[in-house]
Amino acid sequence: MDKIKNIIVPTDFSVTARNAYQYALGLAEALDASITVVHVKEYFIPVSELNVAPFTETNEDYLNEAIDNFITEEYIDDGDTLTQSKVKPQILRGNPVSSLLELSAQEDTDLIVIGTTGLQDFITQISGSVSVQVANRAHCPVLLVPRDAPWMGMEQLMYASNFESMTPNMIGEATDFARFFKSTTHFVHVGAAGYEADKKEVAINWDHLFSQIDAHLTYRTHSIFGGNTTAELEKYAKTHHINLTVFVSKHRSFWANLFHKSIIQSMAIATEIPMLVMHVEDEW
Numbered sequence: 005m006d007k008i009k010n011i012i013v014p015t016d017f018s019v020t021a022r023n024a025y026q027y028a029l030g031l032a033e034a035l036d037a038s039i040t041v042v043h044v045k046e047y048f049i050p051v052s053e054l055n056v057a058p059f060t061e062t063n064e065d066y067l068n069e070a071i072d073n074f075i076t077e078e079y080i081d082d083g084d085t086l087t088q089s090k091v092k093p094q095i096l097r098g099n100p101v102s103s104l105l106e107l108s109a110q111e112d113t114d115l116i117v118i119g120t121t122g123l124q125d126f127i128t129q130i131s132g133s134v135s136v137q138v139a140n141r142a143h144c145p146v147l148l149v150p151r152d153a154p155w156m157g158m159e160q161l162m163y164a165s166n167f168e169s170m171t172p173n174m175i176g177e178a179t180d181f182a183r184f185f186k187s188t189t190h191f192v193h194v195g196a197a198g199y200e201a202d203k204k205e206v207a208i209n210w211d212h213l214f215s216q217i218d219a220h221l222t223y224r225t226h227s228i229f230g231g232n233t234t235a236e237l238e239k240y241a242k243t244h245h246i247n248l249t250v251f252v253s254k255h256r257s258f259w260a261n262l263f264h265k266s267i268i269q270s271m272a273i274a275t276e277i278p279m280l281v282m283h284v285e286d287e288w
């Protein structure tokens, strides 16, 4: 993952979107990055989620004022946060998922930070929220922020994977944040029931693998076999005070994508911890 210079923060003006923006402000300050707050016009929003009146008119000035107010109201100038001059608004039109996917492919989009339950919360478990759909298909990393998750830095990161993802390229992508923030990375392997943990563990020379990336990387390893994967990951994350869960999926591998998409879908619904979803190309 290259240096993050511009963070996209989609907003539907919900409580969840406001929290994601607050999280992005803390992250942008740490990374010395800029923020673009994006609203996609023509999208139904449950009135109960709004802190502003629902849009019933198409007046462009009204919408511009609403997004400017969102930025101003949520910005806290305590002398230690990102300067407001590095935050800008952008209005898009069309389907929210398609619009954000197109935006994710643009050269100046480095990361999308989006709330996990603010958009279409009432049908999340049926068709998947906008945030999860974007995370699964985006051309850039997507950081999913639960409604009540505050910015707390990144001292402890959890990389959830299967053994197919344990390659230098995949791990290098997953640990970019860890190296920048000098975090401890917890590599948690998720395996199917019936696998023999001892034989699988021996198959990987962890020290050699990580030395190809960063010999000074601080890490721990753990394995989960069978059972309720989401519950086990949540339990591990809470026990070890994880600040960010990282999923890396391969663009070309159908099975790797299927594995990650199902886990991401479940985690996004249940988790209280921010999640970073990344996609990389397979190694040849």
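In the working numbering, the protein residues as written are 5 to 288. Cβ atoms here follow ideal geometry from the backbone N, Cα and C, with glycine treated the same way. From a predicted model like this one, the values you see are computed outputs, not experimental measurements.
Local conformation of residue i per DSSP, three classes
i: Ser131; result: Annotation note: pLDDT 45 at Ser131 (below 50); position unreliable, coordinate value reported separately. Of the three classes helix, strand and coil, the one that applies to Ser131 here is helix, per DSSP.
i: Tyr240; result: helix
i: Gly30; result: helix
i: Ile228; result: strand
i: Ala142; result: coil
i: His212; result: helix
i: Lys90; result: helix
i: Phe17; result: coil
i: Ala164; result: strand
i: Met271; result: helix
i: Asn23; result: helix
i: Asn10; result: strand
i: Leu147; result: strand
Supposed contact pair residue j and residue i - C-beta distance, whole angstroms, cut 8 Å
i: Tyr27; j: Val149; result: 5 Å
i: Ile277; j: Ala164; result: About 11 Å separates the two Cβ atoms, so there is no contact after all.
i: Ser103; j: Val44; result: 5 Å
i: Ile228; j: Val192; result: 6 Å
i: Val194; j: Asn166; result: 6 Å
Contact test: residue i Cβ vs the ligand SAH heavy atom, cutoff 7 Å
i: Ala24; result: Looking at this structure, you won't find the ligand SAH or any other ligand, since it has none at all.
Spatial distance of residue i from residue j (CA atoms)
i: Glu236; j: Arg224; result: 16 Å
i: His190; j: His226; result: 7 Å
i: His143; j: Ser108; result: 5 Å
i: Val281; j: Val146; result: 5 Å
i: Asn68; j: Lys239; result: 43 Å
i: Gly119; j: Lys242; result: 20 Å
i: Ile267; j: Gln137; result: 13 Å
i: Thr275; j: Arg151; result: 10 Å
i: Met271; j: Leu161; result: 15 Å
i: Gln110; j: His212; result: 36 Å
i: Gly231; j: Lys90; result: 45 Å
i: Pro172; j: His245; result: 26 Å
i: Ile75; j: Val101; result: 22 Å
i: Ile71; j: Ser215; result: 46 Å
i: Arg22; j: Glu77; result: 10 Å
i: Thr222; j: Arg183; result: 9 Å
i: Arg97; j: Thr15; result: 13 Å
i: Ala24; j: Ile11; result: 12 Å
Residue interval of the alpha helix (DSSP H) (run including residue i)
i: Arg173; result: Correcting the residue type first, residue 173 is Asn in the shown sequence and not Arg. That run of the alpha helix (DSSP H) goes Pro172 to Ala178.
i: Ser103; result: Pro100 to Ser108
Chain-order list of residues whose beta-carbon lies under 6 Å from that of residue i (same chain, five-residue window excluded)
i: Gln94; result: Thr40 and Val42
i: Gly30; result: Trp155
i: Glu177; result: Met5, Val252, Met282 and Val284
i: Lys92; result: Thr40
Close beta carbons around residue i, own chain, < 7 Å, minus the five adjacent residues each side
i: Met158; result: Phe181, Phe185, Ser187, Asn247 and Leu248
i: Ser52; result: Residue placement at Ser52 cannot be trusted, given a pLDDT of 49 that sits under 50; the coordinates are not used to answer.
Residue span of the beta strand (DSSP E) that contains residue i, given as start and end
i: Leu115; result: Leu115 to Gly119
i: His283; result: Met279 to Val284
i: Lys45; result: Ser38 to Lys45
i: Gly195; result: Thr188 to Gly195
Same chain only: Cβ atoms within 8 Å of residue i, ignoring 5 sequence neighbours per side
i: Leu105; result: Val138, Arg141, Ala142 and His143
i: Lys9; result: Ala37, Ser38, Asp112 and Asp114
Short CB-CB distance (under 8 Å) between residue i and chain D
i: Thr120; result: Note that chain D does not occur in the displayed structure, where there is just one protein chain.
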